[in-house]
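Asks: Sharing a structure with you now.
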Amino acid sequence: MIARAIGRYIRISPQKCRLVADLIRRRYVGEALTILRFSEKRKASAIIEKVLRSAIANAQQKFPEVDVDNLFISRIFINPGPSWKRIRPAPMGRAYRVLKRTSHIHIYLEERKGS
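Each residue of the sequence shown is one higher than the one before, counting from 35 in our numbering.
Structure follows, in structure tokens:
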């Protein structure tokens, strides 16, 4: 592991975020950024791109001699965070519970020679 970045308590459901994470797992950073830029899942892509750019910056800060083109995403996983409980009014004076789910996004980068 060269560098990592963790986005915690992100306000998006883990299920939606994992769809985008599966697209970029085990890919080089440049290729992953391109996939995220043109993905149709806009909110999840924007959030994961922000965490990925943080991991790249962490790698450059920790190892100034590292070549960004040789970095690839060795591990990316999305864990569920705490859910916000909200109330939605329902018929006949009832109330339905709504879960606003949150996510923790973990990205680990490694260096591999040759694209």
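For glycine and all other residues, C-beta sits at the position ideal for the given N, C-alpha and C.
1) Go ahead and pull the three-state DSSP assignment for A124.
2) Name the residue from R59, A129 and K84 whose alpha carbon lies nearest to the alpha carbon of R71.
3) Measuring straight from C-alpha to C-alpha, what distance separates S73 and C51?
4) CB-CB under 6 angstroms to I36, same chain, minus the five flanking residues each way: which ones, in chain order?
5) Which ranges would you report for the beta strand (DSSP E) in the region 93–123 if only whole runs of at least 3 residues count?
6) Rounded to a whole number of angstroms, what is the C-alpha to C-alpha distance between S137 and A66?
7) Quick check: A39 and A78, are their CB atoms within less than 8 angstroms of each other?
8) For the alpha helix (DSSP H) that K134 lies in, which residues bound it at each end?
9) Could you say which of P114, R135, I110 and S117 lies nearest to Y62 if we only look at CA atoms?
10) Inspect the beta-carbon positions of I58 and I107 and report whether they are closer than 8 angstroms.
11) Tell me whether L86 is buried or exposed, calling it buried when 16 or more other Cβ atoms sit within 10 Å of its Cβ.
Replies: Taking the structure as given:
1) Counting from 1 along the sequence shown, the entry for residue 124 is found at position 90. Three-state result, A124: coil.
2) Here residue 71 refers to the residue found at position 37 of the sequence shown. Taking only the C-alpha atoms, the option nearest R71 is K84.
3) Mapped onto the sequence shown, residue 73 falls at position 39. Mapped onto the sequence shown, residue 51 falls at position 17. Distance between the alpha carbons of S73 and C51: 12 angstroms.
4) Residue numbering aside, residue 36 sits at position 2 when the sequence shown is read from its first letter. Correct list, in chain order: A93, L143, E144 and E145.
5) Positions of the beta strand (DSSP E) runs, each at least 3 residues long and wholly inside the region 93–123, are given as 105–114 and 118–123 in order along the chain.
6) Walking along the sequence shown from the start, residue 137 turns up at place 103. Walking along the sequence shown from the start, residue 66 turns up at place 32. Going from the Cα of S137 to the Cα of A66 covers about 20 angstroms.
7) Numbered from its first residue, the sequence shown carries residue 39 at position 5. Numbered from its first residue, the sequence shown carries residue 78 at position 44. The answer is no: Cβ separation not under 8 angstroms.
8) Walking along the sequence shown from the start, residue 134 turns up at place 100. Element bounds for K134: not the alpha helix (DSSP H) but the beta strand (DSSP E), A129 to K134.
9) Sequence index remark: in the sequence shown, residue 62 carries index 28 (1-based). It is I110.
10) The residue labelled residue 58 in the question sits at position 24 within the sequence shown. The residue labelled residue 107 in the question sits at position 73 within the sequence shown. Yes, they are a contact pair.
11) Translated into the one-based positions of the sequence shown, residue 86 becomes position 52. Looking at its Cβ environment, which holds 16 or more other Cβ atoms inside 10 Å, L86 is buried.
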